[in-house]
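Report on the following structure.
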Amino acid sequence: MKKKMLMLAVAAMTMTAANAQKGSFLLAGSVGYEKSGAEDSDTKTYTFNPKVGYQITDHVTLGAESLLSRIDEEATDTQSNEYKIGGFVRYAQPLGGPFSIYGDLGSGYQRKQEETHDINDKYTTADGFYIGFTPALSVDFHAGLALNVSIGGIGYNQYDYDDIDVKESGFNIDLGKSISVGISKNFR
Numbered sequence: 002m003k004k005k006m007l008m009l010a011v012a013a014m015t016m017t018a019a020n021a022q023k024g025s026f027l028l029a030g031s032v033g034y035e036k037s038g039a040e041d042s043d044t045k046t047y048t049f050n051p052k053v054g055y056q057i058t059d060h061v062t063l064g065a066e067s068l069l070s071r072i073d074e075e076a077t078d079t080q081s082n083e084y085k086i087g088g089f090v091r092y093a094q095p096l097g098g099p100f101s102i103y104g105d106l107g108s109g110y111q112r113k114q115e116e117t118h119d120i121n122d123k124y125t126t127a128d129g130f131y132i133g134f135t136p137a138l139s140v141d142f143h144a145g146l147a148l149n150v151s152i153g154g155i156g157y158n159q160y161d162y163d164d165i166d167v168k169e170s171g172f173n174i175d176l177g178k179s180i181s182v183g184i185s186k187n188f189r
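Shown next as structure tokens:
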């Protein structure tokens, strides 16, 4: 019997701007783990996604973001590492009471490295760029402490491989297919 995909959006531990206020700072980050596979093989994905920003108005935050990701594929004995660094803009809008929505639009540089250990050991690297949009809902519980929930996003990725003449690109819509939960706190 096949194992079903297990996705743990492990606390998008965000020290961020709930109740966004002009002149405040945003410190954010998420940690993730996903495991999927069949009877004799597993794929494990680990991610860490820190962000830092400054709120230029009550609704708009500008900042820098990064991503560190590792994927271990047991079936092909492949390990992949991915690194991203770029900028983002966030627009937040209160809905009334403790509820607000926000969207993050981010773009930047990315690099990935893959190592395959089979009869032909292989090491490949690629550089490229990404752009993505992530909508989210925020619920303020107490004094700027909030719960944030995202249900996926929309993105485009492009890679140029270093040692081979291959370009890879992809567009994905992940709305409703994944969920990420985190906490946030506003700092002045």
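Numbering of the sequence shown is given in our numbering, commencing with residue 2 and proceeding in unit increments.
Just so it is clear, CB atoms sit at the ideal spot from N, CA and C, and this is done for glycine as well.
Going by DSSP, residue 86 is part of the beta strand (DSSP E) stretching over 79-97.
Rounded to whole angstroms, residue 100 and residue 141 show a C-alpha spacing of 6 Å. A Cβ-Cβ separation of about 7 Å places residue 189 in contact with residue 24 under the 8 Å criterion. By the criterion of a C-beta distance shorter than 6 Å, residue 155 is surrounded in its chain by 134 and 174, once the five residues flanking it on both sides are discounted. As the crow flies, the alpha-carbon of residue 108 is around 6 Å from that of residue 89.
As the crow flies, the alpha-carbon of residue 183 is around 16 Å from that of residue 91. Between residue 31 and residue 47, the beta carbon gap of about 12 Å keeps them out of contact (Cβ cut-off 8 Å). The shortest CA-to-CA distance from residue 166 to any of 143, 128 and 185 is the one to 128. In the displayed model, residue 71 falls within a strand according to three-state DSSP. CA-to-CA, the gap between residue 152 and residue 138 works out to about 9 Å. In this structure, the straight-line span from the alpha carbon of residue 114 to that of residue 55 is close to 32 Å.
Around the Cβ of residue 149, a 10 Å sphere holds 16 or more other Cβ atoms; the residue is buried. Rounded to the nearest angstrom, the gap between the Cα atoms of residue 131 and residue 95 is 29 Å. A direct Cα-Cα distance of roughly 7 Å separates residue 83 from residue 111.
Here the alpha carbon of residue 160 sits roughly 15 Å from the alpha carbon of residue 87. Looking at the DSSP output, residue 104 bridges to 92 and 136. The C-beta separation of residue 67 from residue 51 comes to about 6 Å, placing the pair in contact by the 8 Å criterion.
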